[in-house]
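Encoded as structure tokens, the structure appears first; notes follow it.
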Amino acid sequence: MRFAILGPTTVDDGVGVTELPSGIPEAVLVVLLLSSPRTVQLDALVDAVWADRPPAAAVDSLRNHLSRLRRFLGPVTAERLTTRPSGYLIDLDGASFDVAEFVALSRQGRRSAAEGAWAEASASLTAAQVLWRGEPLAGRSVGLDLTSRLHGLREERLLVQTVRIEADLYLGRHQDLLGELSDLTATQPLHEPAWRQLSLALYRAGRQADALEALLRSRSLLDEQLGLDPSPELRELYQRILNQDPALDAEFGQGPVGIAALAPVSGVADPVSGPADPVPQPAAKAEPSPMAEPQPMAEPGTGAVGVAQLPALISDFTGRDEQIRFLYDAIAARSGRAGQVPVAVITGGGGLGKTSLAVAAAHHISGLFPDGSLFVDLHGMDATAKDPAEVLGQWLVDLGTPAESVPVDAEARQARFRSLTHAKRLLVVVDNARSAAQVLPLLPAASGSAVLVTSRSRLADLPAAARLDLKPLSGAEALSMLEELVGAERLDAEPEATEDILRVCAGLPLALRIVGARLQVRSSWPVHTLATRLDDERRRLDELSIGDLAARASFEVGFRSLPPGPRPESAPTTVFTLLGLVTGPDITVDAVAALAGISIADAEAALDVLMDAHLVDSASPGRYHLHDLLRDFARELATPTDGEGEDSERVSTRSAALTRLLNWYCHTASAAADQLATRTTDWGLLARVPVTAVIPDFVDREAAWSWFGAESANLQAAVVCAEAYLPGSQAWVLASQLVLFASQSRRWAEMAATFTVALRCARREADPLGLARILSVLGYALGHLERYDEALETAHQGVEAAERVGDLKLLITACNCYGWLLLKAERPREAVTQQEKTVAALREINEPEQIAAGLADLAEALAACGEHQAAVGCLQEALLLARKAAAAYIEASILNALGAAHDANGSDEEAVSLLTDAARLRGAIDDRAGQGESLLRLARVLARLGRSQEAAAVWAEASALVDELGGEELAELRAAVEKTVMAATDQAD
Numbered sequence: 007m008r009f010a011i012l013g014p015t016t017v018d019d020g021v022g023v024t025e026l027p028s029g030i031p032e033a034v035l036v037v038l039l040l041s042s043p044r045t046v047q048l049d050a051l052v053d054a055v056w057a058d059r060p061p062a063a064a065v066d067s068l069r070n071h072l073s074r075l076r077r078f079l080g081p082v083t084a085e086r087l088t089t090r091p092s093g094y095l096i097d098l099d100g101a102s103f104d105v106a107e108f109v110a111l112s113r114q115g116r117r118s119a120a121e122g123a124w125a126e127a128s129a130s131l132t133a134a135q136v137l138w139r140g141e142p143l144a145g146r147s148v149g150l151d152l153t154s155r156l157h158g159l160r161e162e163r164l165l166v167q168t169v170r171i172e173a174d175l176y177l178g179r180h181q182d183l184l185g186e187l188s189d190l191t192a193t194q195p196l197h198e199p200a201w202r203q204l205s206l207a208l209y210r211a212g213r214q215a216d217a218l219e220a221l222l223r224s225r226s227l228l229d230e231q232l233g234l235d236p237s238p239e240l241r242e243l244y245q246r247i248l249n250q251d252p253a254l255d256a257e258f259g260q261g262p263v264g265i266a267a268l269a270p271v272s273g274v275a276d277p278v279s280g281p282a283d284p285v286p287q288p289a290a291k292a293e294p295s296p297m298a299e300p301q302p303m304a305e306p307g308t309g310a311v312g313v314a315q316l317p318a319l320i321s322d323f324t325g326r327d328e329q330i331r332f333l334y335d336a337i338a339a340r341s342g343r344a345g346q347v348p349v350a351v352i353t354g355g356g357g358l359g360k361t362s363l364a365v366a367a368a369h370h371i372s373g374l375f376p377d378g379s380l381f382v383d384l385h386g387m388d389a390t391a392k393d394p395a396e397v398l399g400q401w402l403v404d405l406g407t408p409a410e411s412v413p414v415d416a417e418a419r420q421a422r423f424r425s426l427t428h429a430k431r432l433l434v435v436v437d438n439a440r441s442a443a444q445v446l447p448l449l450p451a452a453s454g455s456a457v458l459v460t461s462r463s464r465l466a467d468l469p470a471a472a473r474l475d476l477k478p479l480s481g482a483e484a485l486s487m488l489e490e491l492v493g494a495e496r497l498d499a500e501p502e503a504t505e506d507i508l509r510v511c512a513g514l515p516l517a518l519r520i521v522g523a524r525l526q527v528r529s530s531w532p533v534h535t536l537a538t539r540l541d542d543e544r545r546r547l548d549e550l551s552i553g554d555l556a557a558r559a560s561f562e563v564g565f566r567s568l569p570p571g572p573r574p575e576s577a578p579t580t581v582f583t584l585l586g587l588v589t590g591p592d593i594t595v596d597a598v599a600a601l602a603g604i605s606i607a608d609a610e611a612a613l614d615v616l617m618d619a620h621l622v623d624s625a626s627p628g629r630y631h632l633h634d635l636l637r638d639f640a641r642e643l644a645t646p647t648d649g650e651g652e653d654s655e656r657v658s659t660r661s662a663a664l665t666r667l668l669n670w671y672c673h674t675a676s677a678a679a680d681q682l683a684t685r686t687t688d689w690g691l692l693a694r695v696p697v698t699a700v701i702p703d704f705v706d707r708e709a710a711w712s713w714f715g716a717e718s719a720n721l722q723a724a725v726v727c728a729e730a731y732l733p734g735s736q737a738w739v740l741a742s743q744l745v746l747f748a749s750q751s752r753r754w755a756e757m758a759a760t761f762t763v764a765l766r767c768a769r770r771e772a773d774p775l776g777l778a779r780i781l782s783v784l785g786y787a788l789g790h791l792e793r794y795d796e797a798l799e800t801a802h803q804g805v806e807a808a809e810r811v812g813d814l815k816l817l818i819t820a821c822n823c824y825g826w827l828l829l830k831a832e833r834p835r836e837a838v839t840q841q842e843k844t845v846a847a848l849r850e851i852n853e854p855e856q857i858a859a860g861l862a863d864l865a866e867a868l869a870a871c872g873e874h875q876a877a878v879g880c881l882q883e884a885l886l887l888a889r890k891a892a893a894a895y896i897e898a899s900i901l902n903a904l905g906a907a908h909d910a911n912g913s914d915e916e917a918v919s920l921l922t923d924a925a926r927l928r929g930a931i932d933d934r935a936g937q938g939e940s941l942l943r944l945a946r947v948l949a950r951l952g953r954s955q956e957a958a959a960v961w962a963e964a965s966a967l968v969d970e971l972g973g974e975e976l977a978e979l980r981a982a983v984e985k986t987v988m989a990a991t992d993q994a995d
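All letters in the sequence shown, in the order written, are residues 7 to 995 by the working numbering.
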């Protein structure tokens with residue numbers, strides 16, 4: 007068995023080679039292969055395969071793609087794709103994988119090169135290059151994480167080629183390399199090692215003028231595109247070629263060790279085994295040459311004293327390769343520009359490892375600064391924050407100024423510091439700054455120096471050449487860090503517990519370090535013991551503590567440093583605390599305003615402060631979320647569990663906030679639902695949940711559908727929250743507003759869970775209207791999930807509850823649900839009787855749109871009894887009524903039903919016409935799920951008529967919609983139709 011992704015994605019099962027078609031299943035396979043033998047969590051897969059915002063039903067869609075992937079792989083290979091509780095895994099045991107082979111050959115070749123075994127290096131690296139047949143996932147846009155991993159592969163490919171060329175130069179193959187190097191400098195014009203190698207090869211081939219011209223061309227390109235001078239290595243090579251240095255005919259670089267200069271700053275990320283060890287970068291001095299202006303020399307007699315204040319790297323630091331490379335490039339590219347001191351700012355919340363990253367990056371960069379490094383922790387968020395003047399006084403002493411000569415005045419200290427550093431090349435690391443005002447006095451004056459700054463604040467007013475807003479570690483980086491602390495063997499023995507711990511820590515280095523330390527000192531503990539403790543949200547932050555390390559303490563520092571707001575209710579501390587009540591994945595600024603009972607402008611202001619303090623984050627404009635552990639911290643503030651009970655004022659504040667939020671969700675969801683279809687009554691539900699916050703306007707169906715898609719998980723979480731904290735009717739009133747979206751999006755599993763929670767609330771309140779309303783919609787949801795016994799019992803209770811309320815429309819809804827379920831449970835004759843009663847009741851209220859919908863349901867029951875002509879008659883009457891009422895959604899549904907009826911009768915041409923109209927109308931009203939269904943049915947009829955090309959085109963269009971929307975029903979229909987369409991296509995071929 008062999009898997010290959012370095013080009014078109016192929017699977018060789020020993021019988022034949024299968025090339026996967028371009029699409030999401032291919033991307034899923036690539037992610038799983040690159041992650042093996044680790045399980046990939048569902049959310050990580052979603053983020054990896056969708057370049058833009060994932061579709062609303064991304065998880066359902068992903069499961070459908072995995073089913074398609076299994077079909078592509080075939081039964082034998084598909085056995086390697088296994089489902090775990092938290093995700094998916096592909097087992098490569100006994101199989102070969104071209105990326106693993108490539109990485110192994112790359113390491114072997116670079117190791118041989120480092121040892122000076124050039125022939126062996128060239129052979130290994132050539133074999134590595136041959137494995138590339140093209141670009142992985144060529145032409146496909148994927149998520150940021152997968153893009154980064156594929157970029158890492160391409161970087162390693164370039165490194166392999168560069169080192170192999172170096173080996174061939176040592177072996178005297180310069181003449182053979184000229185064409186390859188010319189192509190490489192054309193495709194990678196900013197890759198300086200290639201220009202260096204081309205110039206040397208040209209010189210050795212007796213073409214000195216061409217060699218010099220190549221170096222000047224590289225200088226021109228760097229200046230035009232980046233505004234940079236060539237590296238010291240290129241400037242030195244120019245001088246040596248100009249002087250016809252005889253050593254150039256015998257060597258290249260600095261012997262075997264010179265190979266390090268060709269490696270990326272922080273090593274190459276191994277897509278299979280994780281990051282490689284960092285590669286140190288030796289400093290190089292350049293001689294004056296036409297390649298660049300001479301650099302200013304340090305003035306003599308300045309009393310220079312070498313300083314080396316960087317703290318040691320922590321032993322368990324891992325990952326962050328991309329960030330270190332970014333910081334290195336930002337500093338190296340700008341260091342030495344006249345009048346500029348490059349400043350790189352690392353910002354992020356507590357526990358993200360800003361200091362560790364800054365120290366690691368500084369150690370990588372320090373080779374560029376021969377005069378040493380200065381370091382200070384400003385304690386910016388503490389009461390003991392350092393005064394910049396105090397820091398300067400110590401630095402002046404460190405740089406050789408006698409203590410008695412240090413100026414007393416702060417400005418005089420700044421002036422002396424600038425004077426002492428103006429001719430030096432120093433790296434300054436300023437850790438834990440509170441504000442730009444704390445940092446600005448500490449900036450050196452020399453253009454050859456550079457500054458790294460870390461802060462919990464964004465320091466937007468600090469001039470910076472580069473900014474890095476630090477995010478949590480990726481799943482692979484988090485696992486690698488935990489393995490460093492605990493040991494891979496111990497974690498591999500309990501993969502599910504390990505995944506639970508990684509989920510709880512959510513990529514926060516501080517949390518991972520605490521967990522690792524606790525498992526280190528409790529070596530007899532199974533991993534699942536700590537995982538179980540961490541699973542309890544009420545004690546999670548208590549568990550994330552050992553010695554001086556504590557997640558809660560880190561969060562408290564940021565929280566205590568928040569400024570006051572204009573009013574207590576809009577203070578950032580108040581807003582952050584209230585966010586602890588929110589259980590959905592994110593929240594909009596409008597919802598925050600409702601939650602806090604403040605204006606949208608005040609909510610935006612408070613959220614901006616929280617953003618700047620890295621206590622909340624924003625993935626897109628107007629949407630905010632908390633890191634999982636910060637959410638636990640906020641929840642503690644909002645709902646303390648100290649065992650002494652809560653005071654009545656705190657309970658009242660929490661209840662009022664949640665009431666405002668739930669009522670706002672009820673009204674907003676209702677406004678959005680009004681755009682999805684005409685609703686004849688809401689039974690006065692909104693009067694039960696008064697609202698004062700601003701309700702957004704939805705200009706059309708598309709806007710409403712988009713809102714439901716973005717807010718669906720938040721709305722479901724709000725229903726659960728209402729059950730826990732609110733005694734009123736908010737839970738079931740909100741659930742009632744989700745019915746149309748549930749029906750049209752076909753998210754029945756999610757909605758069944760939500761309606762079940764709402765039903766418990768209605769029963770708790772003994773609310774007859776709530777019971778009647780929710781029992782019916784829950785019956786629909788359970789029926790779509792084919793849980794017919796539960797559904798029938800639920801719907802029957804719904805009919806009884808509606809009878810007790812005495813509302814005719816409510817009773818019609820309940821009876822219609824019960825009749826539909828009887829049909830689904832294969833009791834069609836009873837279903838006909840029930841639906842006839844429903845239609846009779848509908849005729850009493852004389853609303854054409856509702857009568858049309860009832861007739862369509864009756865037609866379905868009649869068709870199931872074999873009374874097709876009667877069914878068509880009902881549908882034709884229903885179509886006229888729907889058109890009279892201008893009810894496009896119901897009209898489209900009836901057209902689809904008529905097409906399906908003619909399909910069942912064998913009237914294929916009529917079926918094609920009706921299903922074409924249904925698909926067109928459903929597309930026009932943005933009923934994408936319905937459009938997918940109609941297109942699939944149309945594809946089946948076209949295939950049966952022998953119109954295979956049309957059938958294949960229609961099926962492909964429908965399949966794309968199914969991929970986008972997900973949904974089990976549509977996926978099953980697609981699978982059934984696919985066989986018919988493929989059979990017709992094969993027959994035509």
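Built from N, CA and C at the ideal position, the CB exists for glycine as well.
Kindly list the residues whose CB is nearer than 6 angstroms to the CB of glutamate 354, restricted to its own chain and excluding five residues on each side of it in sequence; keep chain order.
-> Here residue 354 refers to the residue found at position 348 when the sequence shown is read from its first residue. A small correction: the amino acid at residue 354 is glycine; glutamate does not occupy that position in the sequence shown. Result list for glycine 354: Lys360, Leu476 and His620, in chain order.
query: Hey, how far is the Cα of alanine 2 from the Cα of threonine 580?
result: Any property of residue 2 remains undetermined from this structure, which presents the chain solely from 7 to 995.
Give the single residue among Asp437, Ile604 and Pro478 whose Cα lies nearest to the Cα of valine 459.
Along the sequence shown, read from residue 1 onward, the residue named residue 459 stands at position 453. Ranking the options by Cα distance to valine 459, first place goes to Asp437.
### Query
Can the beta-carbon of leucine 12 be found less than 9 angstroms from the beta-carbon of leucine 190?
Locating residue 12 in the sequence shown gives position 6, where the first residue counts as 1. Locating residue 190 in the sequence shown gives position 184, where the first residue counts as 1. No.
Notebook entry, point to check: Do you know whose CA, among Arg496, Ser560 and Ser372, lies nearest leucine 636's CA?
Noted result: Reading the sequence shown from its first residue, position 630 is the one you call residue 636. Nearest of Arg496, Ser560 and Ser372 to leucine 636, Cα basis: Ser560.
Checklist line | Alpha-carbon spacing of glutamine 181 relative to isoleucine 247, whole angstroms | finding: Locating residue 181 in the sequence shown gives position 175, counting from the first residue. Locating residue 247 in the sequence shown gives position 241, counting from the first residue. Straight-line Cα distance between these residues: approximately 17 angstroms.
**Study point:** Option in Ser362, Tyr731 and Val705 with minimal Cα separation from leucine 479
**Key:** One-based indexing of the sequence shown puts residue 479 at position 473. Of Ser362, Tyr731 and Val705, the residue nearest in Cα terms is Ser362.
Please classify glycine 912 as buried or exposed, where buried requires at least 16 other C-beta atoms within 10 Å of its C-beta. Working through the sequence shown from its first residue, we reach residue 912 at position 906. Around the CB of glycine 912, fewer than 16 other CB atoms lie within 10 Å, so the residue is classed as exposed.
- Message: With a threshold of 7 angstroms on Cβ separation, who are the neighbours of leucine 944 within its own chain once the five nearest residues in sequence on each side are excluded?
- Response: Working through the sequence shown from its first residue, we reach residue 944 at position 938. Answer for leucine 944: Val918, Leu921, Thr922, Ala925 and Val960, listed in chain order.
Q. CA-CA distance, alanine 364 and proline 317?
A. As a first step, residue 364 is located in the sequence shown; it is residue number 358 there, counting from the start. As a first step, residue 317 is located in the sequence shown; it is residue number 311 there, counting from the start. Cα to Cα, the separation comes out at about 10 angstroms.
Span separating the alpha-carbon of leucine 550 from that of alanine 662: Your numbering for residue 550 matches position 544 in the sequence shown. Your numbering for residue 662 matches position 656 in the sequence shown. Cα to Cα, leucine 550 sits roughly 32 angstroms from alanine 662.
Q. Nearest CA to the CA of threonine 168: which residue from Ala119, Asp19, Ala709 and Cys871?
A. The residue given as residue 168 occupies position 162 in the sequence shown. Threonine 168 has its Cα closest to that of Ala119, out of Ala119, Asp19, Ala709 and Cys871.
Measuring CA to CA, which of Glu970, Gly938 and Thr986 is closest to alanine 952? Position 946 of the sequence shown, counted from the start, is the residue given in the question as residue 952. Residue identity check: residue 952 is glycine in the sequence provided, not alanine. When each option's Cα is compared against that of glycine 952, the closest is Thr986.
> Within this structure, are the beta carbons of arginine 170 and aspartate 104 separated by less than 9 angstroms?
Replying inline: In the sequence shown, residue 170 corresponds to position 164, counting from 1. In the sequence shown, residue 104 corresponds to position 98, counting from 1. No. Outside cutoff.
- Task: May I ask you to report which of helix, strand or coil DSSP gives asparagine 249?
- Result: Locating residue 249 in the sequence shown gives position 243, where the first residue counts as 1. Coil.
- [ ] Could you say which of Leu446, Phe704, Val657 and Glu853 lies nearest to alanine 679 if we only look at CA atoms?
- [x] Sequence index remark: in the sequence shown, residue 679 carries index 673 (1-based). Here the closest residue by C-alpha is Phe704.
Notebook entry, point to check: Could you check where the alpha helix (DSSP H) with aspartate 437 kicks off and where it finishes?
Noted result: As a position in the sequence shown, residue 437 is number 431, starting the count at 1. It is not in any alpha helix (DSSP H) - aspartate 437 instead sits in the beta strand (DSSP E) that spans 433-439.
Open item on the list: Distance check for glutamine 329 and arginine 424, CA to CA, integer angstroms please.
Closed with: Position 418 of the sequence shown, counting from 1, holds the residue named residue 424. Position 323 of the sequence shown, counting from 1, holds the residue named residue 329. If I take the Cα positions, the gap works out to 30 angstroms.
| said: For arginine 558 and aspartate 388, what's the separation of their Cα atoms in angstroms? | reply: Stepping through the sequence shown from its first residue, residue 558 is reached at position 552. Stepping through the sequence shown from its first residue, residue 388 is reached at position 382. C-alpha separation (whole angstroms): 15 angstroms.
Of the listed residues Asp415, Glu897 and Pro27, nearest to aspartate 393 (C-alpha basis): In the sequence shown, the residue the question calls residue 393 occupies position 387. Closest option to aspartate 393, Cα to Cα, is Asp415.
Review point. Among residues of its own chain, excluding the 5 on either side of arginine 835, which ones have a beta-carbon nearer than 7 angstroms to its beta-carbon?
Key: As a working mapping, residue 835 is identified with position 829 in the sequence shown. Within the same chain, arginine 835 has close Cβ partners Cys871.
* To do: Give me the Cα-Cα distance between arginine 86 and proline 376, rounded to the nearest whole angstrom.
  => On the sequence shown, position 80 is the one that residue 86 refers to. On the sequence shown, position 370 is the one that residue 376 refers to. Answer to the nearest angstrom: the Cα atoms are 53 angstroms apart.
Review point. Within the chosen definition, does the stretch 621-629 reach the stretch 753-767 through at least 3 CB pairs nearer than 8 angstroms?
Key: Judged by Cβ distances under 8 angstroms, the stretch 621-629 makes no contact with the stretch 753-767, as fewer than three pairs qualify.
>> For alanine 482, count the other beta carbons within 10 Å of its own beta carbon; 16 or more makes it buried, fewer makes it exposed. Which is it?
In response: The residue you call residue 482 lines up with position 476 of the sequence shown. With 16 or more other Cβ atoms within 10 Å, it is buried.
- Apply the 10 Å Cβ neighbour rule to threonine 390 and answer buried if 16 or more other Cβ atoms are within range, or exposed otherwise. The sequence position of residue 390 within the sequence shown is 384, counting from 1. Result: exposed.
Do we get a CB-CB distance below 9 angstroms when we pair valine 435 with the residues of chain D?
Absent from the structure is chain D; it holds one protein chain and no more.
message = When you compare the stretch 851-865 with the stretch 875-894, are there three or more beta-carbon pairs, one atom per stretch, that lie closer than 8 angstroms?
response = Yes: the two stretches touch, three or more of their Cβ pairs being nearer than 8 angstroms.
| said: Tell me the residue span of the beta strand (DSSP E) that contains aspartate 383. | reply: Along the sequence shown, one-based indexing puts residue 383 at 377. Aspartate 383 -> beta strand (DSSP E) spans 378-383.
| request: Taking glycine 804 and alanine 820 to be in contact with their CB atoms under 8 angstroms, please state how far apart those CB atoms are, rounded to whole angstroms. | output: The sequence position of residue 804 within the sequence shown is 798, counting from 1. The sequence position of residue 820 within the sequence shown is 814, counting from 1. Correct: roughly 4 angstroms between the Cβ atoms.
Notebook entry, point to check: Can you give the beta carbon distance from isoleucine 593 to asparagine 720, rounded, assuming they're within the 8 angstroms contact cut?
Noted result: Looking up residue 593 in the sequence shown gives position 587. Looking up residue 720 in the sequence shown gives position 714. Contact between isoleucine 593 and asparagine 720 holds: CB atoms are separated by about 7 angstroms, below the 8 angstroms threshold.
Thinking C-alpha only, which one of Leu881, Phe332, Arg666 and Glu490 is nearest leucine 601? By one-based count along the sequence shown, residue 601 stands at place 595. Just measuring C-alpha positions, the residue of Leu881, Phe332, Arg666 and Glu490 sitting nearest leucine 601 is Arg666.
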